[in-house]
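Chemist: When we follow our numbering, the leftmost residue of the sequence shown carries the number 381, and every step to the right adds one.
For glycine and all other residues, C-beta sits at the position ideal for the given N, C-alpha and C.
Quick caveat: nothing in here was measured; it's all calculated off a predicted structure.
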Amino acid sequence: MRFRAALTNATLLLRVVQTMDKLTKTAILKLTRSKLHLIVLTDMDSGLQLWTDITTSALFSDYRIESVHDDEIYLEFTIDNLQRALKSTQTNTSTSNQCTLRLTKKQHLPVLSLVIQTQSAMGREMVLTQDVPVRVLTPQQMESIREPMVPNGQVHVMMPGLGSVRSVVERMKSMGDRVAVSANRLGELNIRVNNELVDITTYFKGLENLNDDSVATQDGSQAAVDRAPGEYYTAVVDMKNFVRFLQSYHVAPKNIVCCIIENFALVFYVYIGSTAGFGNNGVAALNDQNCGSMTYFIPVRQQ
Numbered sequence: 381m382r383f384r385a386a387l388t389n390a391t392l393l394l395r396v397v398q399t400m401d402k403l404t405k406t407a408i409l410k411l412t413r414s415k416l417h418l419i420v421l422t423d424m425d426s427g428l429q430l431w432t433d434i435t436t437s438a439l440f441s442d443y444r445i446e447s448v449h450d451d452e453i454y455l456e457f458t459i460d461n462l463q464r465a466l467k468s469t470q471t472n473t474s475t476s477n478q479c480t481l482r483l484t485k486k487q488h489l490p491v492l493s494l495v496i497q498t499q500s501a502m503g504r505e506m507v508l509t510q511d512v513p514v515r516v517l518t519p520q521q522m523e524s525i526r527e528p529m530v531p532n533g534q535v536h537v538m539m540p541g542l543g544s545v546r547s548v549v550e551r552m553k554s555m556g557d558r559v560a561v562s563a564n565r566l567g568e569l570n571i572r573v574n575n576e577l578v579d580i581t582t583y584f585k586g587l588e589n590l591n592d593d594s595v596a597t598q599d600g601s602q603a604a605v606d607r608a609p610g611e612y613y614t615a616v617v618d619m620k621n622f623v624r625f626l627q628s629y630h631v632a633p634k635n636i637v638c639c640i641i642e643n644f645a646l647v648f649y650v651y652i653g654s655t656a657g658f659g660n661n662g663v664a665a666l667n668d669q670n671c672g673s674m675t676y677f678i679p680v681r682q683q
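#1: If you measure between the beta carbons of L418 and T404, is that distance less than 9 angstroms?
#2: Taking the alpha carbon of R482 as the reference point, which residue from Q534, Q510, R464 has its own alpha carbon closest?
#3: With DSSP run on the structure shown, which of helix, strand or coil describes F625?
#4: Within 10 angstroms of its Cβ, does S544 collect 16 or more other Cβ (buried), or is it exposed?
#5: What are the start and end residues of the beta strand (DSSP E) that includes L416?
#6: On the DSSP bridge assignment, give the partners of L492 in chain order.
#7: Does the region 668 to 682 come close enough to the region 644 to 654 that 3 or more CB-CB pairs lie under 8 angstroms?
#8: For the region 553 to 565 and the region 515 to 530, state whether three or more C-beta atom pairs, one from each stretch, are separated by less than 8 angstroms.
#9: Helix, strand or coil: how does DSSP classify A608 here?
#10: To the nearest whole angstrom, what separates the beta carbons of G610 and L566, a pair I think is in contact under 8 angstroms?
#11: Could you check whether the region 446 to 464 touches the region 405 to 416, counting it as contact only if at least three pairs of C-beta atoms, one from each stretch, sit closer than 8 angstroms?
#12: Helix, strand or coil for Q499 per DSSP?
#13: Compute the beta-carbon to beta-carbon distance between P513 and L489, rounded to the nearest angstrom, for a pair I have assumed lies under 8 angstroms.
#14: According to the neighbour-count rule (16 or more other Cβ atoms, all chains shown, within 10 Å of its Cβ), is R624 buried or exposed?
#15: Shortest alpha-carbon distance to L587 belongs to which of N574, H536, L430, A608?
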C-alpha cells in the first residue's frame, strides 16, 4: 500500500477540512486513482452526513497510489490534526513552498506525513514535517459505510448566497431548535423558525428553479409531481444541523442546490470550483469548472 503526491492546492484542501471541523471529531479519507473522498458520519442523534469528492488533479500533481484493493486506500483520521497540519502551509513566510503528502509509518504506526519544503527570503532551505496519525481501514470495514440512498426530491432550487442565509440564521438559531425549509417550483424558498412567543419566516424569491414538470427517478424515468408549481414542499430539520451545513461557506462554493424530500430529508449539493485560488484576503475567485462537490444529508426532525 503506497500513496505519495505533491500537494499543489493546500488551500482548497484546508478549506474543505475547515467545513468538517464543526461536524464531528473524526472522518474517513478514501483515496482512489482519480478522486479524493472525505466522509463525515455524525452521531445517530444528529444523523447528518457529509460526503465530499474532489478530483485529484485539483489538489495534487505527481499523484501515485498503489493498493491490492483496486488502488483504493481508506484512512480514518482526526479532523483537527489534519487541519493543523494544513494550516502550516498557509502561515509560512518563505519565498517558495513545496508540499508533499504521503502515507508512511512512524514508530510502526501509520501516518499521513505532510512535508513542507521552503526557502526563506535569505535563501535558506527549510523543511517542516507534520505527521497526522491515521487508522487504516479494510474494504470489509468500508462495506457498511455507504452514501445514503434517498428518494427522489420534489423540489430542487438554487440556494441564495450563503452570506445572506447565514446572517438570517444567526438571528434565528436562538429562537428554536428546529428550522423549516420550504421551496416551490417557482424559485421561491422560505426559512421559518417558531416557538411559543414568535413565528419568523424569511422569504427568498427569484431563485433558479431546477425542476421540470416532473421529477427524475433513479431509473431515469419521470415521476409526476403532485402539486401546483406555486405550492410548497417542506422539510423540518434540527437547527444545529442546518447551521453546520452553513459552514460550507469556507469553500466559497460556486453553486449550492437545495433538494427537499418531504418527510424524509433535506439534501444540499455544494459545488466547489478549482481555484487559483483563495487570495491573501481569504476570498476565492469562482472558476468556470467544478472540481468537486460536497453533499450534505440532513434527516428531517422526527416529532
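Modeler: According to the data block:
#1: Along the sequence shown, read from residue 1 onward, the residue named residue 418 stands at position 38. Along the sequence shown, read from residue 1 onward, the residue named residue 404 stands at position 24. Not in contact: L418 and T404 (Cβ atoms no closer than 9 angstroms).
#2: For this step, residue 482 is matched to residue 102 along the sequence shown. Of all alpha-carbon atoms in Q534, Q510, R464, the one lying nearest the alpha-carbon of R482 is that of Q510.
#3: The residue given as residue 625 occupies position 245 in the sequence shown. The answer is helix: DSSP assigns F625 an H, G or I state.
#4: Numbered from 1 along the sequence shown, position 164 holds the residue referred to as residue 544. Here S544 is exposed. Its C-beta has fewer than 16 other C-beta atoms within 10 Å.
#5: Sequence index remark: in the sequence shown, residue 416 carries index 36 (1-based). Counting along the chain, L416 sits inside the beta strand (DSSP E) bounded by residues 415 to 421.
#6: Position 112 of the sequence shown holds residue 492. The beta-bridge partner set that DSSP reports for L492 consists of L483, V512.
#7: With a cut-off of 8 angstroms, the region 668 to 682 and the region 644 to 654 count as touching, because enough Cβ pairs lie within range.
#8: No, they do not touch.
#9: By one-based count along the sequence shown, residue 608 stands at place 228. The answer is coil: DSSP assigns A608 none of H, G, I, E or B.
#10: Here residue 610 refers to the residue found at position 230 when the sequence shown is read from its first residue. Here residue 566 refers to the residue found at position 186 when the sequence shown is read from its first residue. Confirmed, about 5 angstroms.
#11: Contact between the region 446 to 464 and the region 405 to 416 is present, with at least three C-beta pairs closer than 8 angstroms.
#12: If you number the sequence shown from 1, residue 499 lands on position 119. Correct three-state label for Q499: strand.
#13: The residue given as residue 513 occupies position 133 in the sequence shown. The residue given as residue 489 occupies position 109 in the sequence shown. Right, the Cβ-Cβ distance comes to about 7 angstroms (below 8 angstroms), so this counts as a contact.
#14: Numbered from 1 along the sequence shown, position 244 holds the residue referred to as residue 624. Residue environment for R624: buried (at least 16 other C-beta atoms within 10 angstroms of its C-beta).
#15: In the sequence shown, residue 587 corresponds to position 207, counting from 1. Ranked by how close their Cα comes to the Cα of L587, the residues N574, H536, L430, A608 have H536 in first place.
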